[in-house]
Amino acid sequence: MAITLSGDQALPGPPLSSRLTPAQVWGIVLLAPYLLVFLAFVVYPVCYGLWLARAPGNYVALYNDPIFARAAVNTLIFLVIGINIKMLIALFLSGFFAVQRPWIKWLSVIFILPWAVPSIPTILSVRFMLNPEWGVINHLIFSFTGDDGPNWLNDPTVALSMAIGVHIWKSLPFWTLILITGRLAISHDLFEAAEVDGASWWQKFRYITWPSMQTLYVTCTLLSMIWTLGDFNSVYLLTGGGPADLTHVLSTLGIRYLRLDQLSLAMASIVCAMPFVLPLVYFMMKRLSR
Amino acid sequence: MKLPSLREVATEARLLLIGIPVFLWTMIPIYHMFLFAISPKEDAFSGKLWPDHPTLHNFEIVFKQQHYFLRDFYVQFWNSTVIAASVGVLTLFIATAAAFSISRLKVPGGRMVLNLALFTYFIPAAFLAVPMYRTMGNYGLLNNHWSLILAMVTIASPYAIWVLKQASDKLPVELDEAAVMDGATTLQIFRLVYLPLMMPSLVAIGTYAVLLAWNEYLYAFLLLSNDREITLPVALGNFLAADDSPWELLMTTGFIYALPPAAVYYAFRRYMVGGLTAGAVKS
Chain S
0 MAITLSGDQA LPGPPLSSRL TPAQVWGIVL LAPYLLVFLA FVVYPVCYGL
50 WLARAPGNYV ALYNDPIFAR AAVNTLIFLV IGINIKMLIA LFLSGFFAVQ
100 RPWIKWLSVI FILPWAVPSI PTILSVRFML NPEWGVINHL IFSFTGDDGP
150 NWLNDPTVAL SMAIGVHIWK SLPFWTLILI TGRLAISHDL FEAAEVDGAS
200 WWQKFRYITW PSMQTLYVTC TLLSMIWTLG DFNSVYLLTG GGPADLTHVL
250 STLGIRYLRL DQLSLAMASI VCAMPFVLPL VYFMMKRLSR
Chain E
0 MKLPSLREVA TEARLLLIGI PVFLWTMIPI YHMFLFAISP KEDAFSGKLW
50 PDHPTLHNFE IVFKQQHYFL RDFYVQFWNS TVIAASVGVL TLFIATAAAF
100 SISRLKVPGG RMVLNLALFT YFIPAAFLAV PMYRTMGNYG LLNNHWSLIL
150 AMVTIASPYA IWVLKQASDK LPVELDEAAV MDGATTLQIF RLVYLPLMMP
200 SLVAIGTYAV LLAWNEYLYA FLLLSNDREI TLPVALGNFL AADDSPWELL
250 MTTGFIYALP PAAVYYAFRR YMVGGLTAGA VKS
């Protein structure tokens with residue numbers, strides 16, 4: 000780089016090190032480890048993956064694969080139904096856990112467990128509970144009704160519902176916790192004033208709680224959507240994508256192609272989700288970097 | 000003692016009507032796992048809610064590695080431990096340095112790096128796994144613990160930087176200015192002023208990274224395959240390969256595997272809830 004002073008006389012600019020303060024040099028040095036990780040394990044893989052998925056033939060192959068269509072629909076069901084049920088329950092329970100009682104405090108400590116313990120043993124535990132011959136659920140159904148219970152994981156609709164149930168079981172505590180934080184931030188005076196005016200619980204929720212929590216609730220729902228797209232365990236460990244590959248979602252489908260050594264198809268199936276993911280990401284980044 | 004009024008009893012009953020189902024919903028899969036762990040094989044498969052002859056025999060089999068699937072139990076437990084600890088240390092190092100650089104030193108371009116990091120945080124984990132797997136192959140790291148360590152550091156760092164940056168911003172600038180006046184160098188400020196004040200957030204982030212790595216299944220299952228290299232969750236997944244899986248041993252091993260994270264979580268709960276939820280979603 001050169002700075003032109005007058006006419007054709009060019010002087011070399013000052014060296015980089017003298018333009019930066021020592022603190023800024025340290026800043027760059029301290030930022031470097033993360034940048035290296037980011038370049039090596041995010042930028043390079045993502046670019047490489049996109050390059051692998053570039054051939055239009057991949058998308059034709061996906062379009063012709065009935066499993067892909069089914070996985071896309073399942074993913075939508077998971078997102079629209081699963082997340083709304085989860086967030087509504089979390090909103091409801093955040094009110095329950097905000098009530099001051101010693102036993103509710105204890106229950107809230109226990110309630111965190113699904114989030115704190117690893118997925119694999121607990122989801123496999125649910126899987127065995129649903130076993131049609133040996134599982135405890137069908138044992139109970141038999142002892143009460145004398146009939147054999149359903150084969151829970153053999154019907155794709157039922158199996159997918161069970162996977163959504165497992166997903167809710169696992170992630171409900173986290174979202175409830177966040178919404179409790181939001182609820183506790185509401186000034187108590189508002190509720191006391193409403194109490195004096197004789198407001199019903201619904202009026203208090205409608206005119207005090209909901210308006211102050213609306214933004215948080217929407218943000219949580221969006222973030223939950225992104226994370227749910229990345230949830231591999233709930234479906235894979237419970238159903239393995241079965242029966243007959245009918246309960247796959249996009250995250251398990253990508254891994255399935257990967258295991259079949261069809262990396263470009265795996266990448267292409269993920270690229271297909273990008274039109275849904277990118278607006279969510281954009282919206283989240285705008286909200287968080289305000 | 001004053002008797003509670005009818006109204007109070009009704010309120011309490013309504014609360015219990017929610018509390019009892021919540022308790023059952025939370026505990027049933029965990030209790031079922033525990034039930035299998037203390038049941039002899041016959042009892043486990045009979046659908047009883049409490050075994051006729053509770054026993055610790057399953058734990059004995061696991062701890063003595065007396066089953067084909069458990070040959071490498073201690074090695075795998077050790078692998079999980081080493082990987083989780085390494086991820087915790089590396090994430091803390093990388094994220095603290097980055098947060099200090101962005102928030103306190105106002106490094107040029109820092110804001111952009113934070114946004115890039117946030118962007119990674121929003122890539123669904125299972126989606127990144129596909130290209131990451133191939134990348135680790137290209138780097139020659141497959142079946143090497145470093146592949147899983149680096150992958151988990153990549154996933155944990157963005158959130159770690161984000162939370163630590165939020166916490167750093169809350170520390171008053173005057174502290175740094177005063178230290179500079181006293182002639183402190185940048186590194187001295189980092190070590191003597193910044194790190195001590197950030198301790199609660201660092202504990203929260205370290206715990207988060209350790210738990211993330213300990214509990215991880217997908218990346219571990221993709222990146223490691225050799226029996227003596229894999230972590231405990233991958234070993235648990237491999238139990239399912241057999242038609243006659245020893246479920247009572249699977250559940251016992253799973254129970255042992257789930258204990259450390261639960262213990263760590265409860266030990267650091269105060270830090271975690273405050274430190275992590277504050278950064279997760281800014282309302």
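Here the protein sequences line up with chains S and E, keeping their order. For the first sequence, counting from 1, position 16 maps to 15 in numbering that gives the first Met the number 0; every step adds exactly one. For the second sequence, counting from 1, position 273 maps to 272 in numbering that gives the first Met the number 0; every step adds exactly one. From the three backbone atoms N, C-alpha and C, an ideal C-beta is built for every residue, glycine too. From a predicted model like this one, the values you see are computed outputs, not experimental measurements.
Between residue i and residue j, how many whole angstroms is the CB-CB distance? I'm expecting something under 8 Å.
i, j, result
"S233/S", "G253/S", "The pair is not a contact, with the Cβ atoms about 15 Å apart (cut-off 8 Å)."
"L14/E", "R100/S", "7 Å"
"T227/S", "T238/S", "Incorrect: roughly 16 Å between the Cβ atoms, too far for contact."
"L29/S", "A183/E", "Not confirmed; about 16 Å, so no contact."
"I185/S", "T208/S", "7 Å"
"I82/E", "H144/E", "6 Å"
"M284/S", "F62/E", "48 Å between Cβ atoms; not a contact."
"A125/E", "L23/E", "Incorrect: roughly 30 Å between the Cβ atoms, too far for contact."
"P123/E", "I76/S", "With 8 Å as the limit, P123/E and I76/S do not qualify as a contact, their Cβ atoms being about 17 Å apart."
"A261/E", "V116/S", "5 Å"
Measure the C-alpha to C-alpha separation of residue i and residue j and round it to an integer number of angstroms.
i, j, result
"P3/E", "E11/E", "10 Å"
"Q8/S", "T20/S", "Because Q8/S sits at a pLDDT of 47, beneath the cut-off of 50, its placement in the model cannot be relied upon, and the following sentence gives the value as read from the coordinates. Looking at the two C-alpha atoms, the distance is approximately 28 Å."
"L147/E", "S142/S", "47 Å"
"R69/S", "D244/S", "9 Å"
"H138/S", "M151/E", "41 Å"
"P131/S", "L69/E", "27 Å"
"F127/S", "L113/E", "43 Å"
"Y206/S", "T74/S", "34 Å"
"M131/E", "L211/E", "17 Å"
"M197/E", "A203/E", "10 Å"
"A43/E", "S107/S", "30 Å"
"N150/S", "L5/E", "46 Å"
"V233/E", "S124/S", "16 Å"
"D51/E", "I140/S", "21 Å"
"F190/S", "L264/S", "55 Å"
"F96/S", "I179/S", "7 Å"
"P195/E", "A159/E", "17 Å"
"H187/S", "S224/E", "55 Å"
"I37/E", "L222/E", "33 Å"
"I122/S", "V8/E", "38 Å"
"L228/E", "V263/E", "The question names Leu, but residue 228/E is Glu in the sequence shown. Cα to Cα, the separation comes out at about 24 Å."
"L239/E", "W49/E", "25 Å"
"I27/E", "L16/E", "17 Å"
"D168/E", "V36/S", "24 Å"
"N237/E", "V172/E", "53 Å"
Skipping 5 residues on each side, what residues in its chain have a beta carbon closer than 7 Å to that of residue i?
i, result
"F284/E", "Past the edges of chain E, shown from 0 to 282, lies residue 284/E, and the structure says nothing about it."
"S100/E", "V106, G109"
"D230/S", "H166, S250"
"L129/S", "I136, W151, L152, M161"
Can you name, in chain order, every residue of its own chain whose Cβ lies under 8 Å from the Cβ of residue i, other than the five neighbours on each side?
i, result
"G241/S", "L152, A158"
"I119/S", "N232, L236"
Give the interface partners of residue i over in chain S, defined as CB-CB distance under 9 Å, in chain order.
i, result
"A150/E", "F40"
"S38/E", "Those do not exist, as S38/E stays about 11 Å from chain S at its closest Cβ, beyond 9 Å."
Is residue i a contact residue of the ligand ADP, with contact defined as CB to any heavy atom under 7 Å?
i, result
"N57/S", "Among the ligands in the structure shown, none appear at all, so the ligand ADP cannot be discussed."
For residue i, which residues from the same chain have a beta carbon less than 6 Å from its beta carbon, with the 5 sequence-adjacent residues on both sides left out?
i, result
"M266/S", "G48, L51, A52"
"S156/E", "T90, I93, A94"
"L87/S", "none"
"R286/S", "T218"
"P113/S", "W168, K169, P172"
Against residue i, what residues of chain E qualify as contacts under a CB-to-CB distance less than 7 Å, listed in chain order?
i, result
"I27/S", "V106"
"F231/S", "A125, L217"
"M283/S", "F121"
What first and last residue would you give for the alpha helix (DSSP H) that runs through residue i?
i, result
"C219/S", "209–228"
"V28/S", "21–37"
"C271/S", "Here C271/S belongs to no alpha helix (DSSP H), and DSSP marks it neither H nor E."
"D71/E", "No alpha helix (DSSP H) holds D71/E; DSSP gives it neither H nor E."
"Y120/E", "109–120"
"E41/E", "40–43"
"N150/S", "From DSSP, N150/S is part of no alpha helix (DSSP H); its letter is neither H nor E."
"I29/E", "5–36"
"H187/S", "187–195"
"G205/E", "194–214"
"G139/E", "It is not in any alpha helix (DSSP H) - G139/E carries neither H nor E in the DSSP assignment."
Name the chain S residues that come within less than 8 Å of residue i, Cβ to Cβ?
i, result
"I93/E", "P32, Y33, V36"
"M26/E", "I109, L112"
"I160/E", "Y33"
I want to verify the contact list: residues of chain S whose CB lies under 7 Å from the CB of residue i, in sequence order.
i, result
"H31/E", "S124, M128, V135"
Interface residues of chain E around residue i at Cβ under 8 Å?
i, result
"Y47/S", "P130, R133, T134, N137"
"L75/S", "Correct list: empty, because the minimum Cβ distance to chain E is about 15 Å."
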